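What follows is a set of notes on a single structure, which appears directly below.
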Amino acid sequence: MLQNLVLIVVIVLAVFILMRLTAGDPARMSTPVFASDEILQTYREQFGTDKPLTAQLWDFVSGLPKGDFGTSFRYQEPVFSLIWQRVPETLLLAFTALVLALVFALIVGIAGARWPGSWIDRFGIAASTFGQSAPTFWIGLMLVLIFSVNLGWFPAVGFTGWKSLVLPAIAVALAVMPADLRVIRASMMDALNQDYIRTARAFGVSEARITLFYALRNAALPLVTVVGIDLGYLLGGTIVTEVVFNYPGVGQLAIDSVNARDYPVIQAITILTAMVFVFVNLVIDLLYMALDPRIRIEA
Amino acid sequence: MVSSLPTDRAPALSVRNLTTVFQTREGVVRAVDNLSFDVYPGECVGIVGESGSGKSVASLSIMGLIGYPGRVDQGQVEFGGRDLLLLNDKQMRSIRGTQIGIIFQDPLTALNPLFTVGRQMTDVVRAHRKVSKSDAAALAVEKLRLVGVSAPESRLSAYPWELSGGLRQRVAIAMALLLDPQLIIADEPTTALDVSIQAQIIELLRSLKDQLNFSLIFVSHDLGVIRSIADRVIVMYAGHTLETSQVDALFQQPNHPYTAALLGSAPTLASDPNQPLPAIEGRLPSLNNVPKGCVFAPRCHFSTERCVSERPLLQTAGQDGRQVACFYPLGAPVNEGVGR
Chain R
1 MLQNLVLIVV
11 IVLAVFILMR
21 LTAGDPARMS
31 TPVFASDEIL
41 QTYREQFGTD
51 KPLTAQLWDF
61 VSGLPKGDFG
71 TSFRYQEPVF
81 SLIWQRVPET
91 LLLAFTALVL
101 ALVFALIVGI
111 AGARWPGSWI
121 DRFGIAASTF
131 GQSAPTFWIG
141 LMLVLIFSVN
151 LGWFPAVGFT
161 GWKSLVLPAI
171 AVALAVMPAD
181 LRVIRASMMD
191 ALNQDYIRTA
201 RAFGVSEARI
211 TLFYALRNAA
221 LPLVTVVGID
231 LGYLLGGTIV
241 TEVVFNYPGV
251 GQLAIDSVNA
261 RDYPVIQAIT
271 ILTAMVFVFV
281 NLVIDLLYMA
291 LDPRIRIEA
Chain S
300 MVSSLPTDRA
310 PALSVRNLTT
320 VFQTREGVVR
330 AVDNLSFDVY
340 PGECVGIVGE
350 SGSGKSVASL
360 SIMGLIGYPG
370 RVDQGQVEFG
380 GRDLLLLNDK
390 QMRSIRGTQI
400 GIIFQDPLTA
410 LNPLFTVGRQ
420 MTDVVRAHRK
430 VSKSDAAALA
440 VEKLRLVGVS
450 APESRLSAYP
460 WELSGGLRQR
470 VAIAMALLLD
480 PQLIIADEPT
490 TALDVSIQAQ
500 IIELLRSLKD
510 QLNFSLIFVS
520 HDLGVIRSIA
530 DRVIVMYAGH
540 TLETSQVDAL
550 FQQPNHPYTA
560 ALLGSAPTLA
570 SDPNQPLPAI
580 EGRLPSLNNV
590 PKGCVFAPRC
600 HFSTERCVSE
610 RPLLQTAGQD
620 GRQVACFYPL
630 GAPVNEGVGR
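See the structure below:
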């Protein structure tokens with residue numbers, strides 16, 4: 001627990017300092033290029049960026065325990081509600097992508113471990129190599145080109161219902177699927193080679209039950225780990241896809257805020273993402289205990 | 300060729316010319332080469348040999364558990380009026396656990412660490428019989444009690460790694476006995492255990508065999524263990540059968556130089572602690588490069604040119620179905636039997 005707290009503090013400081021080190025004045029970003037020094041000064045006073053760094057840090061940190069992340073420079077709205085409005089879209093995208101990736105990785109990974117070298121195994125390896133090598137933005141653009149521009153099946157940008165979800169979800173799923181598939185295949189192969197699998201076979205337990213119950217249960221620990229890493233990636237890493245598809249999620253907000261040097265929003269998104277990451281890791285540790293009785297005993 | 304044990308009963312298991320090969324990078328390797336033996340009801344046949352002699356592969360071949368890159372190349376395994384090697388997966392599965400039970404070497408790795416003892420045992424019952432979970436659990440308790448597990452009901456909820464080594468192996472034996480098989484294959488069941496526990500487990504297996512009258516194939520590298528439980532013994536080396544004999548006769552007078560060397564290298568209470576133990580010089584031949592003649596010839600003190608160039612076949616030697624694969628078997632009465 002303590003190490004998680006230290007982690008959050010380090011992230012708070014790092015994001016604060018990094019933002020101030022970035023070139024660009026928030027006041028200039030919010031005003032026309034010909035704005036006079038007086039106008040700029042008014043903006044700086046309003047944003048609080050005229051104060052010394054220590055005072056700015058205190059303003060920022062003192063609000064955190066109350067859940068007050070400050071006011072957005074650009075939107076003049078409380079940061080938290082600004083982010084909160086975008087969360088459902090991002091969650092929807094992240095979980096749709098996760099489900100797509102997991103379903104594919106589980107089916108192909110288990111089949112690949114069961115029948116190594118079979119056509120489905122080779123297909124899985126090819127697909128995961130492709131997903132791992134091709135950059136997400138390129139996959140996004142190709143999907144738009146093929147399915148929106150040429151075929152016209154799905155909208156290219158924005159959010160207008162479930163159809164808007166399909167292409168971004170596939171793009172994100174292709175980014176997380178390779179790791180899932182590799183971990184599932186490797187851990188299933190390892191489990192299937194264990195002595196207790198031979199025992200189950202020697203006692204006439206059916207192959208389907210051996211694979212989907214005995215082996216998969218033992219392969220579940222690495223799987224849970226990789227899903228945790230996926231969640232971390234998905235909650236921060238849908239950024240590129242959201243930008244490519246102009247999808248109205250948290251990632252899009254983060255990029256806009258970086259461009260506008262909207263410090264409070266960037267700081268809040270970074271900290272919240274870090275907290276979610278820490279929380280997900282905690283849940284995974286608890287899941288370990290539920291899945292493996294040996295860990296339960298040690299704890 | 301065929302073992303001719305004087306008996307009026309039909310064998311429970313009859314293995315003929317069993318050959319199991321493995322596909323390796325260097326080529327096809329014969330892990331078990333032309334193995335033949337019978338197991339009669341209520342009898343214990345010991346298979347002895349060092350690591351890599353093919354004894355475990357032989358027992359797995361009988362169960363149809365040889366997976367890629369290995370396969371049974373030829374032979375018959377007659378059991379219950381059928382050739383097990385000709386059965387399809389489903390037929391074979393219905394025999395495993397019900398008519399043939401198996402006990403593996405290390406019960407810690409042979410039992411699934413994430414499932415309780417009760418779960419694993421009831422799963423076996425329910426893989427073969429349509430019974431309720433509680434009936435299956437009752438059967439598991441009965442068998443655990445049979446193998447001398449104290450408080451069997453409470454053990455059902457234990458995980459394998461929560462039990463001691465001896466208790467774990469008792470659980471594995473109870474699992475093998477669950478559905479009252481006629482044949483039990485014990486693949487080095489005492490090797491992973493302490494010596495004192497070894498003796499308990501062997502005694503348990505012997506009394507269970509007498510009580511339940513199942514046939515037992517007992518695989519071990521330890522001649523002393525084999526002597527204490529087996530009725531008959533098969534000596535394997537590099538996939539080949541070198542000698543097969545009634546156990547007492549074998550220990551009285553080994554016919555094959557390998558068996559003699561093996562017996563000679565075991566310490567006894569009479570051996571001088573200041574003298575180094577005699578060991579068999581050289582190493583087990585690589586299965587990629589098995590000698591053309593007798594497989595033991597390179598390490599044999601008695602080998603001749605004939606041993607190197609020509610492979611001795613397993614021949615009847617003496618009485619009680621004794622057979623030896625050697626041109627110059629040890630022991631006087633045997634020489635008359637061979638040399639025909």
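Residue numbers (this note's numbering), protein chains in the order written: chain R, 1 to 299; chain S, 300 to 639. Don't be surprised by glycine CBs; every beta carbon is placed ideally from N, CA and C. The structure displayed is predicted, hence computed values, not measured ones.
Checklist entry - Would a check of beta-carbon distances place A202/R closer than 8 Å to chain S? => result Here the question's residue 202/R lines up with position 202 in the first sequence. Chain S contact via Cβ: present.
Item to check | Backbone CA spacing between V637/S and V494/S [nearest angstrom] | outcome: Reading the second sequence from its first residue, position 338 is the one you call residue 637/S. Reading the second sequence from its first residue, position 195 is the one you call residue 494/S. Per-residue confidence for V637/S stands at a pLDDT of 41, beneath the threshold of 50, marking its modelled position as unreliable; the derived number appears in the next sentence. Spanning the two alpha carbons is a distance of roughly 39 Å.
Checklist entry - For the region 513 to 529 of chain S against the region 434 to 448 of chain S, are there 3 or more C-beta pairs whose distance is under 8 Å? => result no
Checklist entry - If you draw a straight line from the C-alpha of T225/R to the C-alpha of W162/R, how long is it? => result Indexing the first sequence from 1 puts residue 225/R at position 225. Indexing the first sequence from 1 puts residue 162/R at position 162. One C-alpha to the other measures close to 29 Å.
Next on the checklist: Measuring straight from C-alpha to C-alpha, what distance separates I8/R and M29/R?
Outcome noted: Position 8 of the first sequence, counted from the start, is the residue given in the question as residue 8/R. Position 29 of the first sequence, counted from the start, is the residue given in the question as residue 29/R. Near 29 Å, if we compare the C-alpha coordinates of M29/R and I8/R.
Item to check | Contiguous alpha helix (DSSP H) assignments of at least 4 residues, all confined to the region 340 to 411 of chain S | outcome: 354 to 361, 388 to 394 and 406 to 409
Item to check | C-alpha gap between S302/S and Q481/S, whole angstroms | outcome: Locating residue 302/S in the second sequence gives position 3, where the first residue counts as 1. Locating residue 481/S in the second sequence gives position 182, where the first residue counts as 1. Confidence is the limiting factor: at S302/S the pLDDT is only 44, short of 50, which leaves the residue's position unreliable, though a coordinate-based value still follows. Distance between the alpha carbons of S302/S and Q481/S: 21 Å.
Checklist entry - Can you tell me the Cα-Cα spacing of M391/S and L364/S, whole angstroms? => result One-based indexing of the second sequence puts residue 391/S at position 92. One-based indexing of the second sequence puts residue 364/S at position 65. M391/S and L364/S: Cα-Cα distance of roughly 10 Å.
Item to check | L53/R classed as buried or exposed, judged by whether at least 16 other C-beta atoms fall within 10 angstroms | outcome: Taking the first sequence and counting its residues from 1, the one referred to as residue 53/R is at position 53. L53/R is exposed by the Cβ-count criterion.
Item to check | Cα-Cα separation between S355/S and I483/S, rounded to whole angstroms | outcome: Walking along the second sequence from the start, residue 355/S turns up at place 56. Walking along the second sequence from the start, residue 483/S turns up at place 184. Taking the straight line joining both Cα atoms gives about 14 Å.
Next on the checklist: Using a Cβ-Cβ cutoff of 8 Å, what residues of the region 215 to 226 of chain R are near chain S? List them in chain order.
Outcome noted: R217 and N218
Checklist entry - Per DSSP, S519/S is paired with what? => result On the second sequence, residue 519/S is found 220 positions in, with the first residue counted as 1. Bridge partners of S519/S: V347/S.
Next on the checklist: Comparing C-alpha positions only, which one of V243/R, N218/R and A191/R sits nearest to L167/R?
Outcome noted: Locating residue 167/R in the first sequence gives position 167, where the first residue counts as 1. The shortest C-alpha separation from L167/R is found at V243/R.
Item to check | Contact under 8 Å by Cβ, L98/R with D285/R | outcome: Along the first sequence, read from residue 1 onward, the residue named residue 98/R stands at position 98. Along the first sequence, read from residue 1 onward, the residue named residue 285/R stands at position 285. Their beta carbons are not under 8 Å apart, which means L98/R does not touch D285/R by this criterion.
Checklist entry - Going along chain R in order, which residues have a C-beta closer than 9 Å to the C-beta of D434/S? => result Looking up residue 434/S in the second sequence gives position 135. The premise fails here: D434/S is roughly 18 Å from chain R at the closest Cβ pair, so nothing lies under 9 Å.
Checklist entry - Does R185/R get closer than 8 Å to chain S when you measure Cβ to Cβ? => result Mapped onto the first sequence, residue 185/R falls at position 185. No - not a single Cβ of chain S is within 8 Å of the one on R185/R.
Item to check | Sequence-distant residues of the same chain with beta carbon closer than 6 Å to A175/R, five excluded per side | outcome: Here residue 175/R is taken as the residue at index 175 of the first sequence, counted from 1. Closer than 6 Å at the Cβ level, and outside the excluded window around A175/R, lie T136.
Next on the checklist: On the CB-based measure, 16 or more other CB atoms within 10 Å of its CB, does K442/S come out buried or exposed?
Outcome noted: What you label residue 442/S is simply residue 143 of the second sequence in a count that begins at 1. Burial call: buried.
Checklist entry - Going along chain S in order, which residues have a C-beta closer than 8 Å to the C-beta of S206/R? => result Position 206 of the first sequence, counting from 1, holds the residue named residue 206/R. Under the 8 Å cutoff, chain S gives R392 and A426.
Item to check | C-alpha distance - L304/S paired with P310/S, whole-angstrom precision | outcome: Sequence index remark: in the second sequence, residue 304/S carries index 5 (1-based). Sequence index remark: in the second sequence, residue 310/S carries index 11 (1-based). Unreliable positioning characterises L304/S in this predicted model, as indicated by a pLDDT of 49, which lies under 50. The coordinate reading is nonetheless provided below. Cα to Cα, L304/S sits roughly 10 Å from P310/S.
Next on the checklist: I want to verify the contact list: residues of chain R whose CB lies under 8 Å from the CB of V314/S, in sequence order.
Outcome noted: Here residue 314/S corresponds to residue number 15 of the second sequence, with the count starting at 1. Within 8 Å Cβ-Cβ: nothing; V314/S doesn't reach chain R, min ~17 Å.
Checklist entry - Should A254/R go down as buried or exposed, given a rule of 16 or more other Cβ atoms within 10 Å for buried? => result Within the first sequence, residue 254/R is the residue found at index 254, counting from 1. Classification for A254/R: buried.
Item to check | Endpoints, the beta strand (DSSP E) within which N333/S is located | outcome: On the second sequence, residue 333/S is found 34 positions in, with the first residue counted as 1. Per DSSP, N333/S belongs to the beta strand (DSSP E) from G326 to V338.
Item to check | Counterpart residues of M535/S in DSSP-defined beta bridges | outcome: Residue numbering aside, residue 535/S sits at position 236 when the second sequence is read from its first letter. In the DSSP output, where bridge partners are listed per residue, M535/S has T540/S.
Next on the checklist: Distance cutoff 8 Å, beta carbons only. Does P480/S sit that close to anything in chain R?
Outcome noted: Residue mapping note: residue 480/S aligns to position 181 of the second sequence, counting from 1. False, the Cβ-Cβ gap to chain R never drops below 8 Å.
Checklist entry - Shortest alpha-carbon distance to G158/R belongs to which of P248/R, A191/R, I17/R and D121/R? => result Start at 1 with the first residue of the first sequence, and residue 158/R comes out as number 158. The option with the nearest alpha carbon to G158/R is P248/R.
Checklist entry - How would you label N218/R, buried or exposed, when you count the other beta carbons within 10 angstroms and need 16 or more for buried? => result Your numbering for residue 218/R matches position 218 in the first sequence. Flag for N218/R reads buried.
Next on the checklist: So with CB distances below 7 Å, who are the chain S contacts of R198/R?
Outcome noted: Taking the first sequence and counting its residues from 1, the one referred to as residue 198/R is at position 198. Neighbours of R198/R on chain S, chain order: L364.
Item to check | Pair within 8 Å by beta-carbon distance, I184/R and A191/R | outcome: The residue you call residue 184/R lines up with position 184 of the first sequence. The residue you call residue 191/R lines up with position 191 of the first sequence. No, these two residues do not count as a Cβ contact at 8 Å.
Checklist entry - Do A498/S and F517/S have their C-beta atoms closer together than 8 Å? => result For this step, residue 498/S is matched to residue 199 along the second sequence. For this step, residue 517/S is matched to residue 218 along the second sequence. For A498/S and F517/S, no; Cβs fall outside 8 Å.
Checklist entry - Is P412/S close to chain R, meaning its C-beta is less than 8 Å from at least one C-beta of that chain? => result Taking the first residue of the second sequence as position 1, residue 412/S is located at position 113. Interface residue, yes.
Checklist entry - Is there at least one Cβ from chain S nearer than 8 Å to R294/R's Cβ? => result For the purposes of this step, residue 294/R is taken as the residue at position 294 of the first sequence. So yes, R294/R belongs to the interface.
Next on the checklist: Less than 8 Å between CB atoms is the rule here; does A409/S satisfy it with respect to chain R?
Outcome noted: Numbered from 1 along the second sequence, position 110 holds the residue referred to as residue 409/S. Output row for A409/S: interface = yes.
Checklist entry - Among R425/S, H539/S and V448/S, which has the Cα closest to the Cα of G351/S? => result Your numbering for residue 351/S matches position 52 in the second sequence. Nearest C-alpha to G351/S: H539/S.
Next on the checklist: Out of Q252/R, L82/R and F34/R, which one is the CA nearest neighbour of T238/R?
Outcome noted: By 1-based counting over the first sequence, the position of residue 238/R is 238. T238/R has its Cα closest to that of Q252/R, out of Q252/R, L82/R and F34/R.
Item to check | Whole-angstrom C-beta distance between Q404/S and A715/S, which should lie under 8 Å | outcome: Look at the range of chain S in this structure, 300 to 639, and you will see that residue 715/S is not part of it.
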